[in-house]
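The block underneath contains the structure these notes are about, expressed in structure tokens.
Residue numbers (the working numbering): 1341 to 1713.
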């Protein structure tokens, strides 16, 4: 029994010394001690100098070891509030998916915000601003106050004439050359002149060739009406008259066009008063080696729809001329050139030439000028 009594008194013996210890609140975590109020300073008797700013209150924890009070310091009112979402992944949160988030509708009631996750907001167009018609042009002119209506009408007509409807004229010599070749040398010309505006023009073309000592072998003149049907294309219609060697009159329909990459192309179809059908296709290209030195390949093809013994023209491709000319533009309006030209009669036309003792093929070294004014 004695042993059991001693065992029962053992807890009391352990608690008694702890209760006898003095309780020190300054060492307890989380317990902040109130700061002691500083003693009131006596008021100065005489206001001789401005009152100094009050000193800060004394630190009630001065001299104490605060290393054990770190949890309490973090809980002071000056520390920023803890982020309630810290540790949460907010990348997938939308207003519509957040609990408790509601948007007011037009009636003032709370309505859940629609979930916009996955929607392309760039497609939301801005409100379209209505377009108003442009203001009408001014109908009054200051000059009308000082000049008569007749004088102003004449002035406005002249103004329109000088801004887009100016009639101009040009004479252009594309070929004017001497041809040195085997046998008798020859010469050749080709050019045109036109008068009109940007849309409508009257055009005169001429071309021909001859042999030295024998005179002109072939010559023709065309009178055409030309109308622009595009920025780079003109349609032409008119009449062609052959002067040498046979007098023939043809109705003419053709075109002139500047193709992409600056290929200058011309074509025409001719129908004579005797029912003979001819066609011609020409093309040139200016390859600029320098600003003034230009190499120009040139091709001309002539066709006939039938054999015509009277004019010694065979059907199909009657003849072809290929040339290569190098010119130097002393001025843009005047450019001498040298080059080579190859001419070949084909098919029945070549047979007609051989029957007369002529060569069906000729190669010439040419010297000439290209000019316009």
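Glycine included, each C-beta is placed from N, C-alpha and C at the ideal position.
The structure presented is a predicted model; accordingly, all values stated were derived computationally and were not measured.
Scanning its chain for C-beta atoms nearer than 7 Å, with the 5 sequence neighbours on each side dropped, one finds around residue 1550 the residues 1526, 1527, 1556 and 1557, in chain order. Judged by DSSP in its simplified three-state form, residue 1574 adopts strand.
For residue 1683, the enclosing beta strand (DSSP E) has its first and last residue at 1674-1685. The beta carbons of residue 1593 and residue 1566 sit no closer together than 8 Å. Runs of the beta strand (DSSP E) spanning 3 or more residues and lying entirely within the stretch 1462-1542 occur at 1508-1521 and 1526-1536, in chain order. Taking the Cα positions, residue 1617 is about 11 Å away from residue 1653. Put simply, the backbone Cα of residue 1516 is about 5 Å away from that of residue 1708.
With a beta-carbon spacing of about 4 Å, residue 1619 and residue 1643 fall inside the 8 Å limit used to define contacts. In this structure the stretch 1684-1702 touches the stretch 1647-1665; the number of beta carbon pairs closer than 8 Å is three or more. If you look at residue 1710, you'll find it in the beta strand (DSSP E) that goes 1701-1712. Per DSSP, the beta-bridge partners of residue 1642 are 1620 and 1659. Within a 10 Å sphere around the beta-carbon of residue 1706 sit 16 or more other beta-carbons, which makes this residue buried. DSSP places residue 1580 within a strand segment (E or B) once states are collapsed to three.
When DSSP reads this structure, residue 1606 sits in a beta bridge with 1596 and 1622. For residue 1557, the enclosing beta strand (DSSP E) starts and ends at 1555-1568.
Nearest Cα to residue 1625 within the set 1668, 1671, 1600 and 1610: 1600. Taking 8 Å as the cut-off, the Cβ atoms of residue 1579 and residue 1712 do not count as close.
Excluding its 5 nearest sequence neighbours in each direction, residue 1646 has C-beta neighbours in its own chain below 6 Å: 1655, listed in chain order.
Residue environment analysis places residue 1509 among the exposed positions, since fewer than 16 neighbouring C-beta atoms fall within 10 angstroms of its C-beta.
Note on geometry: alpha-carbon atoms of residue 1574 and residue 1597 lie some 6 Å from one another.
If you compare the alpha carbons of 1572, 1553, 1554 and 1602 with that of residue 1627, the shortest gap goes to 1602. With contacts defined by Cβ atoms closer than 8 Å, residue 1648 and residue 1680 do not form a contacting pair. Less than 8 Å separates the beta-carbon of residue 1636 from that of residue 1665. When C-alpha distances from residue 1673 are compared across 1697, 1471, 1632 and 1651, the shortest belongs to 1632. Residue pairing for residue 1615: DSSP places it in no beta bridge.
Straight across, the Cα-Cα distance linking residue 1492 with residue 1536 is about 26 Å. Residue pairing by DSSP places residue 1637 opposite 1664 in a beta bridge.
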